[in-house]
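Participant: Heads up: the sequence shown is residues 16 to 299, going by my numbering.
For reference, the structure I am asking about is given below.
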Amino acid sequence: MPFPDFDPVLVQIGPFAIRWYALAYVAGILLGWRYVAGMMKNQALWGPRGAPATPAQIDDLILWITLGIILGGRLGHVFFYTPSIIVQDPLQIVKVWEGGMSFHGGALGVLIAVFAFAGRNKIDVLRLGDAVAACAPIGLFFGRIANFINGELWGRPSNVPWAFIFPQADGVTPRHPSQLYEAALEGVVLFLILRWATHRAGLLQRRGVVAGIFLLGYAVFRTFVENFREPDRYLQHFPLGLTMGMMLSAPMVIGGLFLIWRGMREPLATQAASPPSQAKTETP
């Protein structure tokens, strides 16, 4: 079927444009922020230890997370996918508005931000990481929908009834809407799995397990969808049919399994911990 005639620009005011892609980031960050803040208020989710942070601290964390997503996502795209621009046109590195963000780079940026924030505020980094991981699929869902609206990151040629003809590909060949596959699996399905882990299985009481489930779940879903997603033209062909997305996801499998293993082996807390400080931390 023909690709819908989406305009990637929602509103144009003179030289300033509000793009769907930017709104996807804003929506994911804001909704994720409120979701985590709500989890911090629900003390029953955390067991005897209580929540690892206050809602006020989460308000401060959002700035750190935002910087981690933007800087990590952009630098990850440059180093993982387009390292040639470092020499050929280094100014392209800062042109985030032209697209080109890597999930794996953004994940590394968020990881660094969480470690730094937890260290500065004396918060258990594993428990804070569990909370951040629980909301991550929200941003992934909106990001993949924005990829579809932009007509980018299209899939491999296919004859399935729901295949789309993407104008920016070749404008002729029907292809898998791999962006929607990722939105469904990395966004909706993974969010439901994590919601079960946090609100039904009580796994927030086991440090690092929820974060491990996220890492493992994302890696499995991303690797699966890579079989339907067209590899980037500017990347070399890797052996055994592997793609860059598959190879970058492999360490996430190892890290996710380790976090689940160590969290399930760790004894549960039996005594209440001192509640986190209610004083609002200073935003850097």
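The beta-carbon is built from N, C-alpha and C at its ideal position, and this holds for glycine as well.
S301: buried (16+ other C-beta within 10 angstroms of its C-beta) or exposed?
Facilitator: Any answer about residue 301 is impossible in this case: the structure gives the chain only from 16 up to 299.
Participant: Pick from V175, R221 and Q27: whose alpha carbon is nearest that of L284?
Facilitator: With the sequence shown as reference, residue 284 is identified as Ala, and Leu is not the correct amino acid for it. With distances taken between Cα atoms, A284 lies closest to R221.
Participant: Evaluate R280 with the Cβ neighbour count: other Cβ atoms within 10 Å of its Cβ, from every protein chain shown; 16 or more gives buried, anything less gives exposed.
Facilitator: R280 comes out exposed.
Participant: Which partner residues does V26 have in the DSSP bridge list?
Facilitator: In DSSP, V26 forms a bridge with I33.
Participant: Would you call the segment 201-210 and the segment 138-154 in contact, with 3 or more CB pairs under 8 angstroms?
Facilitator: The segment 201-210, when compared against the segment 138-154, does touch it at the 8 angstroms Cβ threshold.
Participant: Round the Cβ separation of W35 and A161 to the nearest angstrom and send it over; I've been treating them as touching at under 8 angstroms.
Facilitator: Yes, W35 and A161 are in contact; Cβ-Cβ is about 5 angstroms, under 8 angstroms.
Participant: I need the DSSP call for K295, collapsed to helix, strand or coil.
Facilitator: At K295 the pLDDT is 45, less than 50, meaning the model places this residue with poor confidence; the figure from the coordinates comes in the next sentence. Three-state result, K295: coil.
Participant: Taking 8 angstroms as the threshold, find out whether the segment 156-172 comes into contact with the segment 122-140 through three or more Cβ pairs.
Facilitator: Short answer: they don't touch.
Participant: In angstroms, rounded to a whole number, what distance separates the CA positions of L274 and A146?
Facilitator: Cα-Cα distance, rounded: 14 angstroms.
Participant: Taking 8 angstroms as the cut-off, decide whether the C-beta atoms of L272 and L231 are in contact.
Facilitator: Yes, the Cβ-Cβ distance between L272 and L231 is below 8 angstroms.
Participant: Quick one: what does DSSP say I138 is sitting in, helix, strand or coil?
Facilitator: In the structure shown, I138 sits in coil (DSSP, three-state: anything other than H, G, I, E or B).
Participant: Cα-Cα, which of D247, I100 and I101 is closest to T258?
Facilitator: T258 has its Cα closest to that of D247, out of D247, I100 and I101.
Participant: DSSP three-state call for G313: helix, strand or coil?
Facilitator: With the chain running from 16 to 299 in the structure shown, residue 313 is simply not present.
Participant: Quick check: what's the CA-CA separation for Q103 versus F94?
Facilitator: Going from the Cα of Q103 to the Cα of F94 covers about 13 angstroms.
Participant: Determine contact between the segment 38-53 and the segment 171-186, defined as no fewer than three beta-carbon pairs at a distance below 8 angstroms.
Facilitator: With a cut-off of 8 angstroms, the segment 171-186 and the segment 38-53 do not count as touching, because too few Cβ pairs lie within range.
Participant: Only counting the same chain, and skipping five residues up and downstream in sequence, which positions put a Cβ closer than 7 angstroms to that of T298?
Facilitator: Note that T298 scores 38 on pLDDT, short of 50, meaning its location in the model is unreliable; the coordinates nonetheless yield the value given after this. These residues qualify, in order along the chain: D75 and L78.
Participant: Quick check: what's the CA-CA separation for E241 versus G88?
Facilitator: Rounded to whole angstroms, E241 to G88 spans 19 angstroms at the Cα level.
Participant: Please state whether DSSP places G43 in a helix, a strand or coil.
Facilitator: Reduced to three states, the DSSP call for G43 is helix.
Participant: Check this for me: beta carbons of R171 and F253, under 8 angstroms apart or not?
Facilitator: Contact flag unset, no.
Participant: State the beta-bridge partners of P304 as determined by DSSP.
Facilitator: This structure cannot settle anything about residue 304, because the visible part of the chain is limited to 16 through 299.
Participant: Give the range of the alpha helix (DSSP H) segment to which I275 is assigned.
Facilitator: Segment M259 to R280, the alpha helix (DSSP H) holding I275.
Participant: Quick check: V125 and I85, are their CB atoms within less than 8 angstroms of each other?
Facilitator: Going by C-beta atoms, V125 is not nearer than 8 angstroms to I85.
Participant: Could you tell me the boundaries of the alpha helix (DSSP H) in which Q72 lies?
Facilitator: Its alpha helix (DSSP H) spans residues P70 to F95.
Participant: Determine which residues share a DSSP beta bridge with R244 and list them.
Facilitator: G170.
Participant: Near I44, what residues of its chain come up, given a Cβ to Cβ distance below 8 angstroms and the 5 sequence neighbours on each side ignored?
Facilitator: Same-chain partners within the cutoff: I77, I80, T81, I84 and G154.
Participant: Answer yes or no: does any C-beta atom of chain C fall closer than 8 angstroms to that of Q183?
Facilitator: No chain C appears in the structure shown, which is made up of a single protein chain.
Participant: With a cut-off of 8 angstroms on the beta carbons, I'd call G120 and G91 a contact; round off their distance for me.
Facilitator: Their Cβ separation, rounded to whole angstroms, is 1 angstroms, which keeps G120 and G91 in contact under 8 angstroms.
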